[in-house]
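For reference, the structure discussed in these notes is given below.
Number of protein chains: 2
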Amino acid sequence: MSDPRERILSCACELYLKAGFDGFSMRGLARRVGVTAPALYRHYESREKVLLDVVGEAHNLEAQYLYRSLSEPTPRERFAAAGQAWLDFALEHPRYFQMIHAFPEIMGLDEIPEEVERGVCASQQFWDDRVRECMDAGILRPDDTEQIGLALWAHGYGLISLYLRGLLEVPEEVFRDLYRASFARIFRGMGSDEFARILTAEMAEAKGAEPSASTAGGEGK
Amino acid sequence: MSDPRERILSCACELYLKAGFDGFSMRGLARRVGVTAPALYRHYESREKVLLDVVGEAHNLEAQYLYRSLSEPTPRERFAAAGQAWLDFALEHPRYFQMIHAFPEIMGLDEIPEEVERGVCASQQFWDDRVRECMDAGILRPDDTEQIGLALWAHGYGLISLYLRGLLEVPEEVFRDLYRASFARIFRGMGSDEFARILTAEMAEAKGAEPSASTAGGEGK
DNA sequence: GTCTATAATCCGATAGAC
DNA sequence: GTCTATCGGATTATAGAC
């Protein structure tokens, strides 16, 4: 609390959440903290370092939302709760969500900073775990967990991005239903039964040599 | 060609593609065109108007890529070709892809400009058409075409975004295969056969009155 | 540890001569 | 239609007094 660096970071988060990337300046931050700009440089060596700490806060908050879902009793419920928690995070803290997934150049950086990479890895690990336990429980078809996790993540991220940009002209509650329903469709599959059978055969063939079960129920690995 | 406005726009596209949003300044543009900054204001009233024209070019180019796929003979092939064309566009012109999907504030705008909205609508219409004809052809399960299109779009967009941010540490060719394979999984479904059956029942129930098939779907909500 | 003052750049946009 | 000159502002960051 009395640590000035903490107070600065707290104000920096507020400032970013209110003003976004553009409005995030050392002068504005100083004004919010109640000091003059040069004073900040006693605690942070540059604007970039402050911003990176804010990014860290965004990742921490996201993780906090996700981890709540672990209290659910079954893999399926944990997965569903995690999907909801991720959506809650995005809708309650859209600027943090945007920050986490922003291109580095938008923050004025040349490459993805280590802080972001670590946060992304942790998040990916979390989703991989949810996918794996669903697969073990027989809810998800046996498959490459990383690729399944990737596809599910991509789908959710795309939906949320579209909504946050305001291109889905629906109220929030309608979007929440749409989000849920869309995940259900992904699980069930969108192709017709006949087409799904054809695809399953094609996928098995593309994978190369598959043992037995060449009819009807071709399950990978 | 001799139209100075066209020459400015052409240089503006080059400048944006090379320098991104941050490096896009009227002074830099003037340097590239070979005049001084004030001269630009005889042809464009503001930086914002120039940027909006660049956005228009991005949308036009995307549409050009997508429309190529219409020469394929069947709905399924048209859909696959469109998915590939979209990926080609994103990988060959990542900055345009980013621009099309950027939050308005990143461009320094308060709301989504009409130009963007129109381009997005056209693109959405294109995907809806592909989905509808696949549904008519019995490849896609009968369903809400808009929501199916949305889910497919979101999935592809999410994958491409992740790759372009450099978080998927795979070579381009590997990513192209992953992208293709991931769409196949979406069509086929990721859930196990048993879970898919349960989900189908739940989805029918949620939709209200559905004929037959009321058994086999335990699992209280 | 905080201040004032300032360096050094950059920006968008305009006035007015030619 | 293009120029020079400039207005009025923003920014990050530093020097040096207190």
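As you go down the protein sequences, you meet chains A and B in turn.
Throughout, my numbering is defined as the position within the first sequence, counted from one, plus 333.
Throughout, my numbering is defined as the position within the second sequence, counted from one, plus 333.
Even glycine gets a Cβ: it sits at the ideal position worked out from N, Cα and C.
Reduced DSSP secondary structure (H/G/I, E/B, other) of residue i
| i | result |
| --- | --- |
| G524/B | strand |
| L473/B | strand |
| G353/A | coil |
| G367/A | coil |
| E339/A | helix |
| E479/B | helix |
| H434/B | coil |
| H488/A | helix |
| K540/A | coil |
| D443/A | coil |
| R409/B | helix |
| A529/B | helix |
| L500/B | coil |
| H392/B | helix |
| R375/B | coil |
| S404/B | helix |
| E347/A | helix |
| S545/B | In this prediction, S545/B has a pLDDT of 48, which is less than 50 and means its spatial position is unreliable; nothing more can be read from the coordinates. |
| S515/A | helix |
| S456/B | helix |
| S494/A | helix |
Cross-chain neighbours of residue i in chain B, by beta carbon under 8 Å
| i | result |
| --- | --- |
| I433/A | Near I433/A there are no residues of chain B at all, since even the closest Cβ is about 11 Å away, more than 8 Å. |
| Q569/A | This structure cannot speak to residue 569/A, because chain A is shown only from 334 to 554. |
| E527/A | G471 |
| G416/A | The contacting residues do not exist; G416/A stays about 13 Å from chain B at best. |
Distance CB(residue i)-CB(residue j) smaller than 7 Å
| i | j | result |
| --- | --- | --- |
| L473/B | M523/A | yes |
| R360/B | A372/B | no |
| C346/B | E390/B | yes |
| H376/B | R338/B | yes |
| R498/A | F436/B | yes |
| L399/A | A423/A | no |
| Y490/B | G491/A | yes |
| G452/A | V464/A | no |
| V388/B | E479/B | no |
| F357/A | L348/A | yes |
Interface flag, residue i vs chain B, CB-CB below 7 Å
| i | result |
| --- | --- |
| L532/A | yes |
| Y490/A | yes |
| G522/A | yes |
| G361/A | no |
| P396/A | Before going on, a small fix: residue 396/A reads as Ala here, not Pro. Chain B contact via Cβ: absent. |
| E381/A | no |
| M440/A | no |
| E484/A | What sits at residue 484/A in the sequence shown is Ala, not Glu. It does: the Cβ of A484/A has a partner Cβ on chain B nearer than 7 Å. |
| A487/A | yes |
| G367/A | no |
| G353/A | yes |
Chain B contact residues for residue i, given Cβ-Cβ distances below 7 Å
| i | result |
| --- | --- |
| V453/A | L500 |
| L384/A | What L384/A touches in chain B: nothing, since even the nearest Cβ is about 14 Å away. |
Interface flag, residue i vs chain A, CB-CB below 7 Å
| i | result |
| --- | --- |
| Y377/B | no |
| R474/B | yes |
| F436/B | yes |
Contact list for residue i against chain A, beta-carbon separation under 8 Å
| i | result |
| --- | --- |
| G389/B | Near G389/B there are no residues of chain A at all, since even the closest Cβ is about 17 Å away, more than 8 Å. |
Residues that residue i contacts on chain A, provided the C-beta gap is smaller than 7 Å
| i | result |
| --- | --- |
| L495/B | A487 |
Beta-carbon neighbours of residue i, restricted to chain B and to distances below 9 Å
| i | result |
| --- | --- |
| I445/A | R498, G499 and L500 |
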